[in-house]
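Student: Protein chains in written order, with my numbering: chain A, 721 to 1098; chain B, 721 to 1098. One structure, as structure tokens, below. Some questions next.
2 protein chains.
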Amino acid sequence: MKLLVLKENLNKGLGFTERVVSKSLSLPILNNILLSAKGNFLNLSATDLEIGIRYWVLAKIDKEGKIVIPAKVLASFIGSLPESKISFESINNILHIKGESFKTKIKGFNPDEFPIIPKIEEKEFLELNSAPFCQGLAQVHKYASLNQTRPEISGIYLAFQKNQVQLASTDSFRLAEKTLLLEAGSEKSNFQGQSLILPQKIVQELINIGSEKKGKLKIYLTPNQIMFEFRTKESSQPQLQLISRLIEGDYPNYQEIIPKKYETQIVLPREKFLNHLKTASLFSGRINEVKVKIDPSQEEMEIFSQSSEIGENQSLVQGKTKGKMTEVSFNWRFLIDGLINIQSPEVSFELNGEEGPAALKPVGDPSYIYIIMPIKAS
Amino acid sequence: MKLLVLKENLNKGLGFTERVVSKSLSLPILNNILLSAKGNFLNLSATDLEIGIRYWVLAKIDKEGKIVIPAKVLASFIGSLPESKISFESINNILHIKGESFKTKIKGFNPDEFPIIPKIEEKEFLELNSAPFCQGLAQVHKYASLNQTRPEISGIYLAFQKNQVQLASTDSFRLAEKTLLLEAGSEKSNFQGQSLILPQKIVQELINIGSEKKGKLKIYLTPNQIMFEFRTKESSQPQLQLISRLIEGDYPNYQEIIPKKYETQIVLPREKFLNHLKTASLFSGRINEVKVKIDPSQEEMEIFSQSSEIGENQSLVQGKTKGKMTEVSFNWRFLIDGLINIQSPEVSFELNGEEGPAALKPVGDPSYIYIIMPIKAS
């Protein structure tokens, strides 16, 4: 392998690739990145055996070839360089790197030892706008269960329908759902009516990539695996592919839990609600309990919390009220978690008594809903 | 105790005071702040028994009194409030806090249980400009030894001379010295010829305060203790006092180590030198060794590092050279530590062979010097 590459391009690719690299002690080869030079591109590949990544960097290839290099050393080294033009040459599994003011050797490994990242047949695909899809994932992903005893709810659920896709997650205490419209034409794809469960890790990577990459995203599906492909503009060469296994199992029929109506509603300024909850949290006890009280004869909500050790706090937030008087206990952490992913200045807080599920909805945006279960009176 | 206070003022005071509060499990009363209302001020006091702080906040006092309140709860609570006017009232060691939209009770303790922070007789003092003094401390403080077997070098040394004060620290591998000019008139003070050793913790607090507070700083000294006092403008009321014990013992005669001449000199761009060292550090072995090589027939320095596991790196930094050819090994961490506290764009790197002390000096600023010992050839 012998090539010339620009630091800036390589550095960006190493940033994405290094995140996927495993920190495995039992399989140290996974701590590396496979570099392959072919055609006009240097390809960077890494895998932790659950997800895989391939990234293509434009390069001037003098001699094709492959080498496996420790990810952390390579990424830190390239990141630290002040120069823009870098030459790579592999000799006996040692990578020689040169620039105007430096000469460096990094010890590598035999590329044959590197695991193969599965290829997915690039037949039928669904094309989406990258940014809204990745932002939608960011609004739901952190409510998935961390508990692995029910693997199906440890992932993020995607359900493709006629002209929309629903993203959902739950840990059985709360649940979030985001609905994204698909572009015209996608009704014809064989994704129609399909649903799947994505592992947390690939979702995390998509959110990370989506926050940088605009443009289109293609999704390829097999019964057990999924591939996300990002291209730059109209290039025939993909720039980045992420491959992941899917989680097996049936996702719970969460639609049943979403309340169709409410007994009490208050429309609150989101920022103020959030700040009052943070203050109240200082006085809540071990189970994070805060009590909210809405008397629709008054245009306000009372938030109350107390701890036998610290003291107590009672505060009022003004808002437009509707329905009947209510007093319900919540885990403040779950309320704050929900408010954080709502971007609108006002939020509709809809309650269904002491034990019924409550909802937080962004005012003016029907595409998102967050459901939270009350703490039951003991 | 009953009073009215502005959130902003109180919050600032709690910020400084809370930093001093101990996280002691054996003496839980030290996790608190003593609030005392008297005259036109609410005083906040805290101590960890090594250092003490007193902070005065302007307040409208309706009834004088005292109460002891958990520092973390109070600071977090006040910090979380959106409002500006806050009322305090203590009833049976419970602090009742009220604002327009909230009512809160925080459980406190009997003020008699709080330890007494020593008073220092306000006789003779030395007056300094706060900002340059605290910035000077910031340039030396982190080279003091962390090892408590030689307590005298675990602190920062201050030596008052005719019209200047020297600040110094060392851990025997490196040493930093900053010289500050005193204002005219201070020759008459009884600080003349005095020297003392300040514990790390008080220096850390002075740096923190000095980064915010401009104006004058008064220093009061007793044989075992020191007090630093900050006032706002011409107010007769001090705003903040910090009291600390002094470290006993004789500080080593470090002046002997500072080389008066050099065998080899190179003047380097500071930022570039720093970046090349960071790159080199990736390839250095367990003892952090990097080798620098200067051949004064060429206007450059070579930096070389290698590790049997990772590989090797060789790089060149351009600079003006003088003196004889040399090749010396250093701990890259100590070189970087020194460069970080130098602000000038160019640095003079002065070497004295394989075993002699080397110096880093900011070009154009004779008030600062950083000495570093080479790694001896084994």
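The beta-carbon is built from N, C-alpha and C at its ideal position, and this holds for glycine as well. Since we're looking at a predicted model, the values are computed, not measured.
1. Secondary structure at residue 877 of chain B, three-state DSSP: helix, strand or coil?
2. Let me know the secondary structure DSSP gives residue 785 of chain A once reduced to three states.
3. Consult DSSP for residue 998 of chain A and reduce its assignment to one of helix, strand or coil.
4. Can you find a CB in chain B that lies within less than 7 Å of the CB of residue 824 of chain A?
5. With the cut-off set at 7 Å, would you say residue 833 of chain A and residue 969 of chain A are in Cβ contact?
6. Buried or exposed for residue 883 of chain B, going by 16 or more other Cβ atoms inside 10 Å?
7. Between residue 830 of chain A and chain D, is any beta-carbon pair separated by less than 7 Å?
8. Please report the Cβ distance between residue 1031 of chain B and residue 806 of chain A, rounded to the nearest whole angstrom; I am assuming they are in contact, meaning their Cβ atoms lie under 8 Å.
9. Note down, in chain order, all residues in the stretch 851-867 of chain A with a beta-carbon under 9 Å from any beta-carbon belonging to chain B.
10. Under a CB-based cut-off of 7 Å, is residue 797 of chain B close to chain A?
11. Select from A:896, A:1095, A:770, A:1097 the residue whose C-alpha is nearest the C-alpha of residue 922 of chain A.
12. Compare the Cα-Cα distances from residue 750 of chain A to each of A:760, A:776, A:878, A:788 and report the closest residue.
13. Mapping DSSP to helix, strand and coil, what is residue 1019 of chain A?
14. Between residue 1002 of chain A and chain B, is any beta-carbon pair separated by less than 7 Å?
15. Could you check whether the Cβ of residue 914 of chain A sits closer than 7 Å to any Cβ belonging to chain B?
16. Is the separation between the beta-carbon of residue 1037 of chain B and that of residue 1071 of chain B shorter than 7 Å?
17. Taking 7 Å as the threshold (beta carbon to beta carbon), is residue 686 of chain A in contact with chain B?
18. Report the rounded CA-to-CA distance for residue 865 of chain B versus residue 895 of chain B, giving the unit in angstroms.
19. Does any residue of chain A bring its CB to less than 7 Å from the CB of residue 1018 of chain B?
20. Between residue 775 of chain B and the rest of its own chain, which residues show a CB-CB distance below 6 Å, the 5 nearest in sequence each way excluded?
21. Within 7 Å (strictly less), CB to CB, does residue 890 of chain B reach chain A?
22. DSSP on residue 919 of chain A, reduced to helix/strand/coil?
23. When you compare the CB positions of residue 851 of chain A and residue 936 of chain A, do they come within less than 7 Å of one another, or not?
24. Taking only beta-carbon atoms, is residue 980 of chain B less than 7 Å away from chain A?
25. Name, please, each residue of chain B whose Cβ falls closer than 8 Å to the Cβ of residue 998 of chain A.
26. Going by DSSP, which residues form a beta bridge with residue 975 of chain A?
27. Which ranges would you report for the alpha helix (DSSP H) in the stretch 754-823 of chain B if only whole runs of at least 4 residues count?
28. Can you list, in chain order, the residues of its chain whose CB lies under 6 Å from that of residue 1008 of chain A, leaving out five sequence neighbours each side?
29. Nearest chain A C-beta to residue 995 of chain B closer than 7 Å, yes or no?
30. Comparing the C-beta of residue 1035 of chain B with each C-beta of chain A, is any distance below 7 Å?
31. What did DSSP end up calling residue 1048 of chain A once you bin it into helix, strand or coil?
32. Along the stretch 776-797 of chain B, what residues have a CB closer than 8 Å to any CB found in chain A?
33. Mapping the DSSP letters down to three states, classify residue 1033 of chain B as helix, strand or coil.
34. Which whole-angstrom value describes the C-beta separation of residue 726 of chain B and residue 796 of chain B, a residue pair presumed to lie in contact below a C-beta threshold of 8 Å?
Tutor: So, from the data block:
1. Locating residue 877 of chain B in the second sequence gives position 157, where the first residue counts as 1. Correct three-state label for residue 877 of chain B: strand.
2. As a position in the first sequence, residue 785 of chain A is number 65, starting the count at 1. Strand, per DSSP.
3. The residue labelled residue 998 of chain A in the question sits at position 278 within the first sequence. Residue state, collapsed to three classes: helix.
4. Along the first sequence, one-based indexing puts residue 824 of chain A at 104. Yes, residue 824 of chain A lies at the interface with chain B (some Cβ there is under 7 Å from its Cβ).
5. As a first step, residue 833 of chain A is located in the first sequence; it is residue number 113 there, counting from the start. As a first step, residue 969 of chain A is located in the first sequence; it is residue number 249 there, counting from the start. No, the pair does not count as a contact, with Cβ atoms beyond the cut-off.
6. If you number the second sequence from 1, residue 883 of chain B lands on position 163. Counting Cβ neighbours within 10 Å, residue 883 of chain B comes out exposed, since fewer than 16 surround it.
7. Absence of chain D from the displayed structure is noted, the protein chains being A and B.
8. What you label residue 1031 of chain B is simply residue 311 of the second sequence in a count that begins at 1. What you label residue 806 of chain A is simply residue 86 of the first sequence in a count that begins at 1. Not really, about 15 Å apart at Cβ, beyond 8 Å.
9. Identification of residues in the stretch 851-867 of chain A having a C-beta nearer than 9 Å to some C-beta of chain B yields an empty set.
10. Along the second sequence, one-based indexing puts residue 797 of chain B at 77. True, the Cβ-Cβ gap to chain A drops below 7 Å.
11. Within the first sequence, numbered from 1, the residue matching residue 922 of chain A stands at position 202. The option with the nearest alpha carbon to residue 922 of chain A is A:770.
12. As a first step, residue 750 of chain A must be located in the first sequence, where it is residue number 30. For the residues A:760, A:776, A:878, A:788, the minimum Cα distance to residue 750 of chain A belongs to A:788.
13. Here residue 1019 of chain A corresponds to residue number 299 of the first sequence, with the count starting at 1. Residue 1019 of chain A falls in the coil class under three-state DSSP.
14. In the first sequence, the residue the question calls residue 1002 of chain A occupies position 282. Yes, its Cβ sits closer than 7 Å to a Cβ of chain B.
15. For this step, residue 914 of chain A is matched to residue 194 along the first sequence. Chain B, which has no Cβ nearer than 7 Å to the Cβ of residue 914 of chain A, makes this no.
16. Position 317 of the second sequence holds residue 1037 of chain B. Position 351 of the second sequence holds residue 1071 of chain B. Cβ atoms of residue 1037 of chain B and residue 1071 of chain B: not closer than 7 Å.
17. As shown, chain A starts at 721 and ends at 1098. That puts residue 686 of chain A outside it, with no answer to give.
18. For the purposes of this step, residue 865 of chain B is identified with residue 145 of the second sequence, where counting begins at 1. For the purposes of this step, residue 895 of chain B is identified with residue 175 of the second sequence, where counting begins at 1. Near 10 Å, if we compare the C-alpha coordinates of residue 895 of chain B and residue 865 of chain B.
19. Looking up residue 1018 of chain B in the second sequence gives position 298. Interface criterion not met: the Cβ of residue 1018 of chain B is under 7 Å from no Cβ in chain A.
20. The residue given as residue 775 of chain B occupies position 55 in the second sequence. If we look at residue 775 of chain B and ignore the five residues flanking it on each side, its Cβ neighbours are 733, 736, 737, 764, 960.
21. Stepping through the second sequence from its first residue, residue 890 of chain B is reached at position 170. Interface residue (Cβ-Cβ distance to chain A less than 7 Å): residue 890 of chain B is not classified as such.
22. Start at 1 with the first residue of the first sequence, and residue 919 of chain A comes out as number 199. Three-state result, residue 919 of chain A: coil.
23. Position 131 of the first sequence, counting from 1, holds the residue named residue 851 of chain A. Position 216 of the first sequence, counting from 1, holds the residue named residue 936 of chain A. Between residue 851 of chain A and residue 936 of chain A, the CB-CB gap reaches or exceeds 7 Å.
24. Position 260 of the second sequence holds residue 980 of chain B. It does not; no Cβ of chain A falls within 7 Å.
25. Within the first sequence, numbered from 1, the residue matching residue 998 of chain A stands at position 278. Result: 800.
26. Residue mapping note: residue 975 of chain A aligns to position 255 of the first sequence, counting from 1. Its beta-bridge partners do not exist; DSSP assigns none.
27. Here the runs fully enclosed are 791-800.
28. Working through the first sequence from its first residue, we reach residue 1008 of chain A at position 288. Only 1051, 1052, 1053 meet the Cβ criterion.
29. Here residue 995 of chain B refers to the residue found at position 275 when the second sequence is read from its first residue. Chain A, which has a Cβ nearer than 7 Å to the Cβ of residue 995 of chain B, makes this yes.
30. Within the second sequence, numbered from 1, the residue matching residue 1035 of chain B stands at position 315. Cβ-Cβ to chain A under 7 Å: yes for residue 1035 of chain B.
31. As a position in the first sequence, residue 1048 of chain A is number 328, starting the count at 1. Look at residue 1048 of chain A here: in three-state DSSP terms it is strand.
32. Under the 8 Å Cβ criterion, the stretch 776-797 of chain B contributes 790, 793, 796, 797.
33. Counting from 1 along the second sequence, the entry for residue 1033 of chain B is found at position 313. Residue state for residue 1033 of chain B is assigned as strand, using DSSP reduced to three classes.
34. On the second sequence, position 6 is the one that residue 726 of chain B refers to. On the second sequence, position 76 is the one that residue 796 of chain B refers to. Contact flag wrong, Cβ pair sits at about 18 Å.
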